[in-house]
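In the working numbering, the protein residues as written are 186 to 393.
Okay, structure coming up:
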């Protein structure tokens, strides 16, 4: 899997806003997009995902679809991100094949170990703090939670672990010190001024 240390999780009040925000972050240098469109019918979801695919192709960015294996396959995305209550990664792998990136959400050591057994390519671990983008929020981890979980997981696996959930810019250096591979953010990159400089600064902090 191509290593990407900064993932943008799409946001917007409408499908069109999601696409505009995806284009803005890709144009500013973000190379990994998770398309997360909720509460829309399947036709709208697929139609918008295909447009997101075109945008990501234009900028050489990886496109991950949130939750929906059918849309991921039909839109020829690079991967799928599965929540704890979504399809099992093994089943997704059967449908999507070996070349698809499969990510899984985790909140505990047990979640992580299960994902590793099920063959995911990366783990989205969180939430770091309270976030309004998720309706059913798992217990908040904070830096100490990340350290404890990574200490256990790293004994058995070198799988990339991406921090997620309510992260703001001033959190980045502390989060990276816990041993995570990268971060996934939404609000930090949505409708922000001087986005190119902001993404550059984030990448520098992650690489330290």
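Don't be surprised by glycine CBs; every beta carbon is placed ideally from N, CA and C.
Exercise. Near residue 418, what residues of its chain come up, given a Cβ to Cβ distance below 8 Å and the 5 sequence neighbours on each side ignored?
Worked result: No information on residue 418 is available, as it lies outside the stretch 186 to 393 that the chain covers here.
For this session: Would you kindly report the start and end of the unbroken alpha helix (DSSP H) that includes residue 327?
Result: Counting from 1 along the chain shown, the entry for residue 327 is found at position 142. According to the DSSP assignment, residue 327 belongs to the alpha helix (DSSP H) that extends over 327 to 338.
Problem set entry | Complete runs of the beta strand (DSSP E) confined to the segment 247 to 327 [at least 3 residues] | Scanning the segment 247 to 327 for uninterrupted beta strand (DSSP E) segments of 3 residues or longer gives 247 to 251, 264 to 267, 286 to 291, 307 to 310, listed from N- to C-terminal end.
Problem set entry | Counterpart residues of residue 368 in DSSP-defined beta bridges | For the purposes of this step, residue 368 is taken as the residue at position 183 of the chain shown. Paired residue(s): 191, 348.
Exercise. Between residue 310 and residue 291, which are expected to be in contact by the criterion C-beta below 8 Å, what is the C-beta distance as a whole number of angstroms?
Worked result: As a position in the chain shown, residue 310 is number 125, starting the count at 1. As a position in the chain shown, residue 291 is number 106, starting the count at 1. Residue 310 to residue 291, Cβ: 5 Å. Contact.
Exercise. Excluding five sequence neighbours on each side, which residues of the same chain lie with their C-beta closer than 7 Å to the C-beta of residue 214?
Worked result: By 1-based counting over the chain shown, the position of residue 214 is 29. Excluding residues within five positions, the ones whose Cβ falls inside 7 Å are 381, 384, 385.
Exercise. Would a C-beta distance cut-off of 8 Å place residue 288 and residue 306 closer than the cut-off?
Worked result: Counting from one through the chain shown, the residue named residue 288 turns up at place 103. Counting from one through the chain shown, the residue named residue 306 turns up at place 121. Yes; because the gap between Cβ atoms is below 8 Å, this pair is in contact.
For this session: State the CB to CB distance for the pair residue 360 and residue 352, rounded to an integer number of angstroms; the pair is presumed to be in contact (CB under 8 Å).
Result: Taking the chain shown and counting its residues from 1, the one referred to as residue 360 is at position 175. Taking the chain shown and counting its residues from 1, the one referred to as residue 352 is at position 167. Right, their Cβ atoms sit about 7 Å apart.
Problem set entry | Of the residues 206, 269, 327, the one placed nearest residue 363, counting alpha carbons only | Within the chain shown, residue 363 is the residue found at index 178, counting from 1. Checked all of 206, 269, 327; the closest Cα to residue 363 is 327.
For this session: Less than 8 Å between the CB atoms is what I'm expecting for residue 251 and residue 285, so what's the real figure, rounded?
Result: The sequence position of residue 251 within the chain shown is 66, counting from 1. The sequence position of residue 285 within the chain shown is 100, counting from 1. The C-beta separation of residue 251 from residue 285 comes to about 14 Å, leaving the pair out of contact by the 8 Å criterion.
Exercise. Do residue 231 and residue 259 have their C-beta atoms closer together than 8 Å?
Worked result: Indexing the chain shown from 1 puts residue 231 at position 46. Indexing the chain shown from 1 puts residue 259 at position 74. For residue 231 and residue 259, yes; Cβs fall inside 8 Å.
For this session: To the nearest angstrom, report how far apart residue 295 and residue 242 are at their CA atoms.
Result: The residue labelled residue 295 in the question sits at position 110 within the chain shown. The residue labelled residue 242 in the question sits at position 57 within the chain shown. In a straight line, the C-alpha of residue 295 is about 36 Å away from that of residue 242.
Problem set entry | Short Cβ contact (8 Å threshold) for residue 301 with residue 341 | Your numbering for residue 301 matches position 116 in the chain shown. Your numbering for residue 341 matches position 156 in the chain shown. For residue 301 and residue 341, yes; Cβs fall inside 8 Å.
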